[in-house]
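So the mapping is simple: this note's numbering equals the position in the sequence shown, first residue as 1, plus 29. Backbone N, C-alpha and C define an ideal beta-carbon position, used for all residues, glycine too.
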Amino acid sequence: CHDHKFDPILQKDYYRMQACFGTMIPRDDIPAADLADRQKYDRARAAWLQRAADLRQQLAAIRDPYLERAAKGAVERFPEDVQAVMAKAPGERTPLDQQLADLVNRQVAFDQQRMKVKDEDQKRIDELEKQIAELSGQEPPALPSAITVQDVGPQPQPVHMGGNPSREVTPAGGFSILSPAPFDLRPSEHSSGQRTALAKWIASPENPLTARVIVNRIWQRHFGTGLVGTSSDFGSLGDRPSHPELLDWLTGEFIANGWSIKWLHRQILNSETWRMSSFHPQAAEYSRTDPTEELRWRFSIRRLNAEQIRDAMLATSGELLSEQGGPSVDYDSLRRSLYLKAKRNTPDELIRSLDGVDGLNSTAKRNTTTTPVQALNLMNGDWVRKRTTSMTQRVMEQSPSEEPTDLAVTAFRLALGRTPEADELSVAESLMQAARSGMTSSPETESRFAALPDDKGGAVAVRDSGKDGPLATKSVSPAVTAPFSFVGLIRLESLYSDATVRTIVSQWDSDSGHRGWAIGVTSEKSRYQPRNLILQVVSDRGYEVVASNLRPELNRTYMAAVAVSETADGHGEASFTLQPFGAEAAAAQTATVEFRSAKELTGKFPLVVGGRAKQSRHRWDGQLDQLAVFSTALTPQQVQNLFDAQLRDVADAAPVAFWNFESGQQPTADASGESHHLTTVSSADSPIGPTERSVAELCHVLLNSNEFVYID
């Protein structure tokens, strides 16, 4: 509002800085992709639009009058001066007009999404959209968008002192005490050049502050404390640099190397200072002279931050998805924490307890606390328990044997990157032995893997709720795509009261925008009628349901098979076979159904038995046994041969995955020899079998150890 007597930043400086941003508008429609990806997407979308161009024209003819009416109504709700702006041709609008028009257009788009359409027109719209979907197939997935800004044009928007139009216009510039003259603007076709001038002023070689602040922040990131302890205050009230010559040298080299953050990281991480141990032979003596370790005579032990602990656990469990780029993800994602959504009102419990930032306030340095909530989340948290389960499976796969010594050594190498010392190995083996005690005959395990009523071998129970949830492979492998086949014994005990499908096996998350497939049985309110054995696919032509109209009865065991292939004309074909099992054996029922496409079914999800990826519903309710997946489409004769042998010769038919759930220590092991073992996917459940449980105890201890959580 006015100049302050002891403030070096004047009122005019505030408006000079504001002017740098006065001509911009927000943009949320800019793809976050390179030129090649944008061109590829544009070609795919153009081809998709062309497939039903005539139908789209009919659709536009119906909708356009409604869109125009909604747009007119939205504009008329604004004051008359704003309506006058909207009445101007875009080329006649001033920068302020263009900013106002951008805000009005957002309201127009909102109203158009809520517009009402006559019933007869809406019915025709629905019919056309259905026909377009059938002809065009699935729309190419949109590229992720970035939240950006841009200038409305080369002409700057005038910014007046105090926001008063009667006062003088303030040109864009820096602080008068440093640079009295306004910025030298170099506008381009679509930009006023004001923000570019500000960026050059901030990063000018004559500015002694910017590069030093960056270098100090990077140093603080690696050592816990910056060369200047007050990383947000380089003024007279802040700390003096502990090593001023080092700060100046690093800053000079940083600028000389093109302000390369990568160069700076490499320089620090290759330094002897960073590679020091926290143990020092003269620690007692040096601590008396330099108790805060400001002189860097040893490395200061510090805890990983919240996101680093999360990523380290995912990497150790083998679940970390390291692909780069893309949209933000939810907390239950397996991607790096860098891509997590910032939910300020409902932050993740683990990250919040480990002093993660709240996203509401700026902080130069995070707090590091030790609280009971942290221990509860790390020891008993559902998310950490799931990582333990996955790490257990990884240890079982990589260990040369199931001997406790080999298992312990493998677990140490995965978690800590080293082999255990003799005393550590002894403690680990004792822990594993104690964990095995009393677990070999778990009543819950025996009950879950009890035999089918008409069979002597083991089977697996999957329930709609409770601990007996679906089972899944650890990764996407085997990545099933056409041609493929599934066979198995199924026994269903109930249906959902709505249209939710009882899933036998799947490699999908129920999202019609994600590639995948699922085999299951329909429920009470399904449009395909109850108890219908179906195949659901999401291919290059979109989502579709392939119904067999074969209907297994409840509380009866059946042999079921589904073979999926591509036809000569490029369509998909599913061959279904259903036959009662055991003493109730009867003739097999068959059905062959053609559908739009079986191409590109492979998604990014594990193979799930009795449910679907990331879904609490769509569960089986009953028992499953002798489940096998083949990488070929079995012929009707091959299916019948397997059925004639009561599915006892499945392993001899070379499946890519086969689970017979035989009782023993590993009832969910893959009997095909391909190591596609199953683990439970229900929350916080322990691994199955006493050996896995003993390894899980050790893995959980290692993930909570100081050596894992702290940097030495």
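Handout entry: Given Ala-240 as reference, the closest of Gly-258, Gly-253, Phe-263 once Cα atoms are compared
Key = Within the sequence shown, residue 240 is the residue found at index 211, counting from 1. When Gly-258, Gly-253, Phe-263 are compared, the shortest CA-CA separation from Ala-240 is found for Phe-263.
Exercise for the section: Return helix, strand or coil for Ser-715, following the three-state DSSP convention. Expected result: Locating residue 715 in the sequence shown gives position 686, counting from the first residue. Low confidence applies to Ser-715: its pLDDT is 47, below 50, so where it sits in the model is not reliable, and the reading given next is rough at best. Residue state for Ser-715 is assigned as coil, using DSSP reduced to three classes.
Exercise for the section: Evaluate the contact criterion for the stretch 267–281 versus the stretch 218–235: three or more CB pairs, one atom per stretch, below 8 Å. Expected result: Too few Cβ pairs lie closer than 8 Å, so no.
Exercise for the section: Enumerate in chain order the residues of its own chain whose CB-to-CB distance from Gln-136 is below 7 Å, with the five nearest sequence positions on each side excluded. Expected result: For this step, residue 136 is matched to residue 107 along the sequence shown. Excluding positions up to five away in sequence, the list reads Ala-103.
Practice task
For Cys-728, count neighbouring C-beta atoms within 10 Å of its own C-beta (all shown protein chains included) and say buried if the count is 16 or more, exposed if not.
Solution key: Taking the first residue of the sequence shown as position 1, residue 728 is located at position 699. In the assembly as shown, Cys-728 is a buried residue. Its beta-carbon has 16 or more other beta-carbons within 10 Å.
Exercise for the section: Report yes if the CB atom of Val-491 is closer than 8 Å to the CB atom of Gly-498, and no otherwise. Expected result: Reading the sequence shown from its first residue, position 462 is the one you call residue 491. Reading the sequence shown from its first residue, position 469 is the one you call residue 498. One thing to note: Val-491 has its Cβ within 8 Å of the Cβ of Gly-498.
Practice task
Under 8 Å by Cβ, that's how I've got Pro-581 and Leu-564 pegged, so tell me the actual separation to the nearest angstrom.
Solution key: Taking the sequence shown and counting its residues from 1, the one referred to as residue 581 is at position 552. Taking the sequence shown and counting its residues from 1, the one referred to as residue 564 is at position 535. Rounded, the Cβ-Cβ distance is 14 Å, inconsistent with contact.
Exercise for the section: Give the range of the alpha helix (DSSP H) segment to which Gln-160 is assigned. Expected result: Stepping through the sequence shown from its first residue, residue 160 is reached at position 131. That run of the alpha helix (DSSP H) goes 148–165.
Handout entry: Touch test, the stretch 420–428 against the stretch 338–355, Cβ-Cβ under 8 Å, three pairs minimum
Key = Yes, they touch.
Practice task
Pull up the CB-CB distance for Ala-657 and Trp-537, whole angstroms please, since I reckon it's below 8 Å.
Solution key: For the purposes of this step, residue 657 is identified with residue 628 of the sequence shown, where counting begins at 1. For the purposes of this step, residue 537 is identified with residue 508 of the sequence shown, where counting begins at 1. Contact doesn't hold; Cβ gap of about 19 Å is too wide.
Handout entry: Whether Ile-284 touches Pro-237 by CB criterion (8 Å)
Key = Within the sequence shown, residue 284 is the residue found at index 255, counting from 1. Within the sequence shown, residue 237 is the residue found at index 208, counting from 1. Inclusion of Ile-284 and Pro-237 in the CB contact set at 8 Å is not warranted, their separation being larger than that value.
Problem - Segment contact flag, the stretch 199–211 with the stretch 40–56, C-beta cutoff 8 Å, min 3 pairs - result: The stretch 199–211 makes contact with the stretch 40–56; the number of CB pairs closer than 8 Å reaches 3 or more.
Practice task
Whole angstroms is fine: what's the gap from Pro-507's alpha carbon to Pro-635's?
Solution key: To locate residue 507, count along the sequence shown from 1; it is residue 478. To locate residue 635, count along the sequence shown from 1; it is residue 606. Using only the alpha carbons, I get a separation of about 8 Å.
Exercise for the section: Note down, in chain order, each residue of its chain lying with its Cβ closer than 7 Å to the Cβ of Leu-481, except the 5 sequence neighbours on either side. Expected result: Mapped onto the sequence shown, residue 481 falls at position 452. Residues of the same chain with a CB within less than 7 Å of the CB of Leu-481, apart from the 5 flanking positions on each side, are Ala-488, Leu-518, Arg-520, Thr-586, Gln-652, Asp-654 in chain order.
Practice task
For Leu-663, collect the residues of the same chain with a Cβ closer than 6 Å to its Cβ; drop the 5 residues on either side in sequence, then sort them by chain order.
Solution key: The count along the sequence shown starts at 1 and reaches residue 663 at position 634. Listed in chain order, the non-local C-beta contacts of Leu-663 below 6 Å within the same chain comprise Ser-514, Ala-592, local neighbours out to five positions each way being set aside.
Exercise for the section: Please report how far the alpha carbon of Ala-451 lies from the alpha carbon of Leu-445, in whole angstroms. Expected result: Here residue 451 refers to the residue found at position 422 of the sequence shown. Here residue 445 refers to the residue found at position 416 of the sequence shown. Distance between Ala-451 and Leu-445, taken at the CA atoms: about 15 Å.
Exercise for the section: Go through its chain and collect everything with a Cβ distance to Asp-493's Cβ below 6 Å, but skip five positions before and after it. Expected result: The count along the sequence shown starts at 1 and reaches residue 493 at position 464. Arg-648, Asp-650.
Problem - Cβ pair Val-509, Thr-631 closer than 8 Å - result: Mapped onto the sequence shown, residue 509 falls at position 480. Mapped onto the sequence shown, residue 631 falls at position 602. With respect to Thr-631, Val-509 sits close: the two C-beta atoms are nearer than 8 Å.
Problem - Cβ shell of Ser-470 (< 8 Å), same chain only, five flanking positions each side left out - result: Counting from one through the sequence shown, the residue named residue 470 turns up at place 441. With a pLDDT of only 47 at Ser-470, under the threshold of 50, the placement of this residue in the model should not be trusted, and no figure is reported.
Problem - Spatial neighbours of Ala-713 in its chain, beta-carbon cut-off 7 Å, leaving aside the 5 residues before and after - result: Along the sequence shown, one-based indexing puts residue 713 at 684. Interpretation of Ala-713 is limited by its pLDDT of 40, a score under 50 that renders its predicted location unreliable; the figure taken from the coordinates is listed afterwards. Excluding sequence neighbours, Ala-713 sits near Asp-411, Arg-414.
Handout entry: Alpha carbon of Ala-81 to alpha carbon of Pro-94, nearest angstrom
Key = Here residue 81 refers to the residue found at position 52 when the sequence shown is read from its first residue. Here residue 94 refers to the residue found at position 65 when the sequence shown is read from its first residue. Roughly 21 Å between the two C-alpha positions.
Handout entry: Alpha carbon of Pro-716 to alpha carbon of Gly-640, nearest angstrom
Key = Counting from 1 along the sequence shown, the entry for residue 716 is found at position 687. Counting from 1 along the sequence shown, the entry for residue 640 is found at position 611. In this prediction, Pro-716 has a pLDDT of 48, which is less than 50 and means its spatial position is unreliable; what the coordinates show is noted afterwards. Taking the straight line joining both Cα atoms gives about 18 Å.
Exercise for the section: Report yes or no: do the stretch 186–195 and the stretch 62–72 share at least 3 C-beta pairs separated by less than 8 Å? Expected result: At 8 Å Cβ cutoff, the stretches do not touch.
Handout entry: His-189 - partner residues in DSSP beta bridges
Key = Residue mapping note: residue 189 aligns to position 160 of the sequence shown, counting from 1. BP columns for His-189 point to Val-198.
Practice task
Leaving out five residues on either side along the sequence, give the residues of the same chain with a beta carbon under 7 Å from the beta carbon of Glu-431.
Solution key: The residue given as residue 431 occupies position 402 in the sequence shown. Only Thr-720 meet the Cβ criterion.
Practice task
Return the chain-ordered list of same chain residues with a C-beta closer than 8 Å to the C-beta of Ala-17, the five sequence neighbours on each side being excluded.
Solution key: One cannot answer for residue 17 here, as it falls past the ends of the chain, which runs 30 to 741.
Exercise for the section: To the nearest angstrom, report how far apart Gln-112 and Glu-218 are at their CA atoms. Expected result: Reading the sequence shown from its first residue, position 83 is the one you call residue 112. Reading the sequence shown from its first residue, position 189 is the one you call residue 218. So the two alpha carbons sit approximately 27 Å from each other.
Exercise for the section: May I ask you to report which of helix, strand or coil DSSP gives Val-104? Expected result: As a position in the sequence shown, residue 104 is number 75, starting the count at 1. Correct three-state label for Val-104: helix.
Exercise for the section: Could you name the residues that DSSP lists as bridge partners for Ala-490? Expected result: Looking up residue 490 in the sequence shown gives position 461. Answer is Gln-652.
Problem - Enclosing alpha helix (DSSP H) for Trp-283 [first to last residue] - result: One-based indexing of the sequence shown puts residue 283 at position 254. Going by the sequence as given, residue 283 is Phe instead of Trp. 273–285 is the extent of the alpha helix (DSSP H) around Phe-283.
Exercise for the section: Provide the residue(s) that pair with Arg-56 in DSSP beta bridges, ordered along the chain. Expected result: Along the sequence shown, one-based indexing puts residue 56 at 27. For Arg-56, which the question treats as bridged, DSSP gives the partners Thr-177.
Problem - Under the three-state DSSP convention, the category Met-305 falls into - result: Locating residue 305 in the sequence shown gives position 276, counting from the first residue. Coil.
Handout entry: For Gln-127, three-class secondary structure by DSSP
Key = As a working note, residue 127 is residue 98 in the sequence shown. Correct three-state label for Gln-127: helix.
Practice task
Apply the 10 Å Cβ neighbour rule to Trp-288 and answer buried if 16 or more other Cβ atoms are within range, or exposed otherwise.
Solution key: On the sequence shown, position 259 is the one that residue 288 refers to. With fewer than 16 other Cβ atoms within 10 Å, it is exposed.
Problem - Chain-order list of residues whose beta-carbon lies under 6 Å from that of Gln-179 (same chain, five-residue window excluded) - result: Along the sequence shown, one-based indexing puts residue 179 at 150. Taken in chain order, the residues that qualify are Arg-56.
Practice task
With a 10 Å radius around its C-beta and 16 neighbouring C-beta atoms as the bar for buried, classify Ala-118 as buried or exposed.
Solution key: Residue mapping note: residue 118 aligns to position 89 of the sequence shown, counting from 1. If you draw a 10 Å sphere on the C-beta of Ala-118, you find fewer than 16 other C-beta atoms in it, and that means exposed.
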